[in-house]
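Residue numbers (this note's numbering), protein chains in the order written: chain A, 378 to 553; chain B, 378 to 553. All C-beta atoms, glycine included, are put in the ideal place defined by N, C-alpha and C. Heads up, the thing below is written out as structure tokens.
Number of protein chains: 2
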Amino acid sequence: MELLEIEIKAYCEDGTAAETRIMELGGVFIEARREEDIYFNHPCRDFRITDEALRLRGVGGSTVLTYKGPKLGGRSKTRVEQEADIPDRAAVKAILTSLGFVESGRVAKERKLYHLHDVEICLDRVEGLGLFIELEKKDTDREKVEAVLFSLAEELGLTRFERRSYLELILDAAPL
Amino acid sequence: MELLEIEIKAYCEDGTAAETRIMELGGVFIEARREEDIYFNHPCRDFRITDEALRLRGVGGSTVLTYKGPKLGGRSKTRVEQEADIPDRAAVKAILTSLGFVESGRVAKERKLYHLHDVEICLDRVEGLGLFIELEKKDTDREKVEAVLFSLAEELGLTRFERRSYLELILDAAPL
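Structure (structure tokens):
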């Protein structure tokens, strides 16, 4: 069975309180990093309609190319995700452009990453959007992991969930 | 100005004689290697018509993704070429497949590479096609380089030139 990215996201009102609660629950701080993402739309299908994504993510000096399939239903944001390390970001960007992929938007954020048991917790300060918490686990069993993630969200006091991606939120907020 | 891949290709009747002649002219043997290429067609334009190419080339343990633009005219095979190193071949192949790229053919060859001044000479034994010599130089001035390459071809005794790619030759030879 294919590995799925099972993820829920919520607005975070108070970052300091959230961090304290993560540590109380046994979370381990992993790192803080800046992520700069460029999203591309497909030359002949509209990813806003097909609910797919193609992203070049720069973190420090390294870059990852990621394809995300459409959300698979359920209460979480669960998708097939395929990733490839890219040593030369500019070269891959040039090839994508030649193939007709068009830049559709950029997302930049300061991400604090925690591990709590086998869940990744991201405290994200997204430029232009504000503060969010994402809870994520890669697994094949969506329903089992959804129960774990929503239970953890409750322990963290999260209530305002958001199924749209950061890119969708930025594009929805942009003046036409 | 963009760097062009300026290349001519000819059938080679006698590999041993060609190698001797390359050395007599001052050529330096660089390496022998096996190259295994997978070509992809585009999800919404036909590269056989647009004369473009997208290729994953495996050489030893490493992989390069290459986009080639349409031939730019002249007597040579001159194209814009964009290349990116790919550490994880399977991951990029999976992403291309998800994006709708379809495998269109494979080319495998044993390549002997020589340098003669600033020209790359490839003596290629291509599976299913036979023996060829390619003369190649990356430059911005197509006409100047064409003159150099055809002059060198004459010194190597090459007479039967071929503008089709190995992939085109294989597809043209395949039973429908």
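Segment limits, beta strand (DSSP E) that includes residue i
i: G435 of chain B; result: 430 to 436
i: A551 of chain A; result: Here A551 of chain A belongs to no beta strand (DSSP E), and DSSP marks it neither H nor E.
i: E460 of chain A; result: 454 to 463
i: R410 of chain A; result: 405 to 418
i: E382 of chain A; result: 381 to 388
i: L442 of chain B; result: 439 to 445
Endpoints, the alpha helix (DSSP H) within which residue i is located
i: L476 of chain B; result: Looking at the DSSP string, L476 of chain B is not in any alpha helix (DSSP H), and its letter there is neither H nor E.
i: E396 of chain A; result: 392 to 401
i: R425 of chain B; result: 424 to 427
Same chain only: Cβ atoms within 6 Å of residue i, ignoring 5 sequence neighbours per side
i: L449 of chain A; result: T455
i: G477 of chain A; result: P420
i: L431 of chain B; result: F417, Y444
Closest by C-alpha distance to residue i, when choosing among the options
i: Y416 of chain A; options: A:A550, A:L442, A:K521; result: A:L442
i: E460 of chain B; options: A:T474, A:G437, A:R434, A:S453; result: A:T474
i: R483 of chain A; options: A:Y543, A:T427, A:E384; result: A:Y543
i: R422 of chain A; options: A:L512, A:V479, A:E523; result: A:V479
i: E513 of chain B; options: B:L380, B:L546, B:I385; result: B:I385
i: E396 of chain A; options: A:S528, A:I498, A:R541; result: A:I498
i: I510 of chain B; options: B:D501, B:T517, B:D516; result: B:D501
i: E458 of chain B; options: B:L546, B:R540, B:E379, B:Y388; result: B:E379
i: D495 of chain B; options: B:L526, B:A468, B:L506; result: B:L526
i: I547 of chain A; options: A:D516, A:R537, A:S481; result: A:S481
i: R540 of chain B; options: B:M400, B:A387, B:D516; result: B:A387
i: A409 of chain B; options: B:V436, B:R537, B:L533, B:E520; result: B:V436
i: G392 of chain B; options: B:D516, B:A550, B:L533; result: B:L533
Cut-off 8 Å between Cβ atoms - residues of its own chain near residue i, not counting five sequence neighbours on either side
i: A485 of chain B; result: R411, E412, E413, D414, V503, E504
i: S528 of chain B; result: none
Sequence-distant residues of its chain with Cβ nearer than 7 Å to residue i (five each side left out)
i: I407 of chain A; result: L490, Y491, H492
i: D339 of chain A; result: This structure gives no information on residue 339 of chain A, because the portion of chain A shown stretches from 378 to 553.
i: A440 of chain B; result: In the sequence as presented, Ala is not what sits at residue 440 of chain B; that position holds Thr. Correct list, in chain order: L433, R434, I463, R466.
At 3 residues or longer, and completely inside the segment 484 to 548 of chain B: list those beta strand (DSSP E) runs for me, N to C.
-> 496 to 503, 507 to 516
Using a Cβ-Cβ cut-off of less than 9 Å, give me the residues of the segment 408 to 440 of chain A that come near chain B, in sequence order.
-> Contact annotation: in the segment 408 to 440 of chain A, residues whose CB is within less than 9 Å of a CB in chain B are H419, P420, C421, R422, E429, L431.
Residues of the segment 466 to 491 of chain B with Cβ closer than 7 Å to any Cβ of chain A, in chain order = A468, V469, A471, I472, S475, L476: these are the residues of the segment 466 to 491 of chain B whose beta carbon lies less than 7 Å from some beta carbon of chain A, given in chain order.
Listed in chain order, which residues of the segment 507 to 533 of chain A have Cβ atoms closer than 9 Å to some Cβ of chain B?
-> Residues passing the 9 Å Cβ filter: none.
Residues of the segment 447 to 461 of chain B with a CB closer than 7 Å to any CB of chain A: list them in chain order, please.
-> Listed by position, the residues of the segment 447 to 461 of chain B near chain A (Cβ gap below 7 Å) are Q459, E460, A461.
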